[in-house]
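Top line first, the protein sequences correspond to chains A and B. 1 is the number of the first residue of the first sequence in the numbering used here; add one for each residue after it. 1001 is the number of the first residue of the second sequence in the numbering used here; add one for each residue after it. Just so it is clear, CB atoms sit at the ideal spot from N, CA and C, and this is done for glycine as well.
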Amino acid sequence: MISNSKGSFINTGNGPALLPVDIGHKDYLALVDPVTAFWLLVKRNRLVDVLSDTQLRRAYIRKSDEFKKEMEDLRFTRRPSAVYFNPTERCNLNCSYCYIPENMRRNGHSMSKKELFEALERLKSYFRRTLPIGTLPQIIFHGAEPLLNRETVFAGIDKYGKDFRFGIQTNATFLDDQTVEFLTARNVSIGMSLDGPTSDIDGRTRHNWSGESTYKKTVEAMERLKGYAGWNIISTITSENMRQLVSLVEFFHSHDVPSCMLNIVRSTMPSSKEVKPSDTDAVKYYLSAMDRTYELYKQTGKKLIVANFANIFLAIIAPSARRLMCDISPCGGGRFFFALSANGDLFPCSEFVGLSSFKGGNIFQDDIEGVLVSSPFSIVTGRKVEDIEPCSHCAIRHFCGAPCPAEVYTMHGRMDKTGAFCEFYEEQTRYVFRVIADGRQDAFLWDDWDKGTKNTFTIRQFNKPHHIHV
Amino acid sequence: MKTLKKVKKQITKKGKPTRDVISYRKACKVNGTGLSHYILKSN
């Protein structure tokens, strides 16, 4: 007869694995189960009591299978519901870190109306087969610069307005009154890009082919969009703007930007490597900017949501409610979304558009179902932290996900390596835990972030009868 | 948006953390939310 451990103790045999993590808080440290992403924040002087508490251990054991299944469902069973749709390969800007190759942006193909309609028709048909009834798939016109093909894009939005939720990511240089009126009247979400609070800083990385900044036009577009709920700004953190991130969030806050993303640069193209900051520098300035958003909220009552940062809170508090899928492994590329280039080629994510070996097929020639299981897609959808060192034994691997596979492949020619910003994600997670320990998380999250969620575990008061609610 | 008075009250009320152990988790089963570079309005 085989004798198995009864799981009577934490961290041995079949007992739950709860790894201690120093989160840099003076009173608390974290205990994290790397497999289920379950966590506890424990007062430093109560660690021994917690580790030997029978009620707590039993309560977690009762839930651990459910949490494990929740993570497996999130990581391995979902189907795409969004497409990054490039209606043109061309761009009127030449930003330093763009992941689309220069030749494409200068001379690339733009979809005809017929091609765009056919692509949307095929996507509509695919999503009807795969998504639950009532779920509207999302199409994000992306780039290059989608508004260089404005008439075609607008025709698609008008024709398929009932079949998709539309969004557009633009450099804002074509967001004139007429364009804004068209998009807002149709409830299209508008994302624009801006990297600095001044023309000088923004222009270091974002400029046209002659090297001139387009800051003025972006700020004009921001004014036009004031009062519209569905717009946001994406900024790319580079060595050129990281020192001004505090000023940047102040600028966004004062311009009533509803939400933004501060995305660390992805070094998928040689030019982007030139503006890549070090982890240590980038995270220092980034977290100062997060401190500043909290101060601004305290002073004014108005939040500036930094969506990619808010997403880390969700990863910890409500893993299956996360909205963005870069910081989970496998990442969202080819699983929650995929990218369509202007000639119909399909890639797991926009980041791969310049890497031809990751083309999984063509929307005009191949079945989307087949493309999603093609070898180029499978390499991305199969990349998981368990196969990467040191992620395989990292306690916070499900709050980070070791992004980004496109960048990793470009750097190493293989997938089983960490991303370029391991320490950045590590420090970001520690910061989020400190915020949770201090009970300040609401300041960083959307007001209705927990709509549609349910409590699955709560500790109200440690060491009291019935203190754990599961 | 909450009024400034409400925000200040809420933040002041939080005070110093006193609980020995903090842990909670929520679950959500909604399809169609996962993106990368972009945030849609409902997000």
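Around the beta carbon of P376/A, 16 or more other beta carbons sit within 10 angstroms, so the residue counts as buried.
For T453/A, the enclosing beta strand (DSSP E) covers residues T453 to I459. For D450/A, the neighbours in chain B by C-beta distance under 9 Å run, in chain order, K1026 and C1028.
Counting only runs of 4 or more residues that sit fully inside the stretch 54 to 94 of chain A, the alpha helix (DSSP H) segments are 54 to 76, in chain order. Taking a beta-carbon distance threshold of 8 Å, K454/A counts as an interface residue toward chain B. With 16 or more other Cβ atoms from the protein chains shown falling within 10 Å of its own Cβ, V371/A counts as buried. For Q299/A, the enclosing alpha helix (DSSP H) has its first and last residue at D279 to T300.
Contact check for H255/A against K302/A fails: the beta carbons are separated by 8 Å or more.
Following the DSSP letters along the chain, one finds T236/A inside the beta strand (DSSP E) bounded by residues W231 to I237. Annotation for G167/A: the continuous beta strand (DSSP E) segment containing it runs R165 to T170. Comparing C-alpha distances from T54/A to each of L31/A, F85/A and S8/A shows the shortest one belongs to S8/A. Distance from the CA of Y425/A to the CA of S239/A, rounded to the nearest whole angstrom, comes to 17 Å. Taking all protein chains shown into account, F76/A has fewer than 16 neighbouring C-beta atoms within 10 Å of its C-beta and is therefore exposed. Any Cβ of chain B closer than 8 Å to the Cβ of E181/A would place that residue at the interface, and such an atom is absent. One alpha carbon belongs to N263/A, the other to A342/A, and they sit about 24 Å apart. Three or more beta-carbon pairs separated by less than 8 Å link the stretch 388 to 408 of chain A to the stretch 322 to 332 of chain A, which places the two stretches in contact. Put simply, of A17/A, A307/A and E295/A the residue whose alpha carbon is nearest the alpha carbon of M261/A is A307/A.
Residue contact check for F462/A against chain B: a CB pair falls below 8 Å. Separation of the CB atoms of R1025/B and T214/A is rounded to 44 Å, and the pair is thereby denied contact status at 8 Å.
Under the three-pair Cβ rule at 8 Å, the stretch 128 to 146 of chain A counts as touching the stretch 91 to 103 of chain A. At a C-beta separation below 9 Å, S320/A has these neighbours in chain B: K1026, A1027, C1028, K1029 and V1030. In the structure shown, the three-state DSSP call for I436/A is helix. Bounds of any beta strand (DSSP E) do not take in K6/A, whose DSSP letter is neither H nor E.
Judged by pairs of C-beta atoms under 8 Å, the stretch 161 to 168 of chain A touches the stretch 178 to 197 of chain A, as three or more such pairs exist. Closest option to Q244/A, judged by alpha-carbon separation, among T198/A, F85/A and L40/A: T198/A. Distance check between L324/A and each of F38/A, S125/A and S81/A places S81/A closest, using alpha-carbon atoms only. Counting only residues of its own chain and dropping the five nearest sequence neighbours on each side, C349/A has a CB closer than 6 Å to the CB of G333 and A339. In the three-state scheme derived from DSSP, where H, G and I count as helix and E and B as strand, R122/A is classed as helix.
Between I368/A and Y28/A the beta-carbon gap is near 47 Å, outside 8 Å, which marks them as no contact.
At least 8 Å separates the CB of Y285/A from every CB of chain B. Here DSSP, grouped into helix, strand and coil, assigns C260/A to strand.
Interface residue (Cβ-Cβ distance to chain B less than 8 Å): L40/A is classified as such. Interface with chain B (8 Å Cβ-Cβ cutoff): G301/A is included. Using a Cβ-Cβ distance cut-off of 8 Å, the stretch 418 to 434 of chain A and the stretch 265 to 283 of chain A are in contact, since at least three pairs of beta carbons, one from each stretch, lie closer than that value. Here Y294/A is actually not in contact with A420/A; their C-beta atoms are around 27 Å apart, not less than 8 Å. One Cα belongs to G227/A, the other to D177/A, and the distance between them is close to 14 Å.
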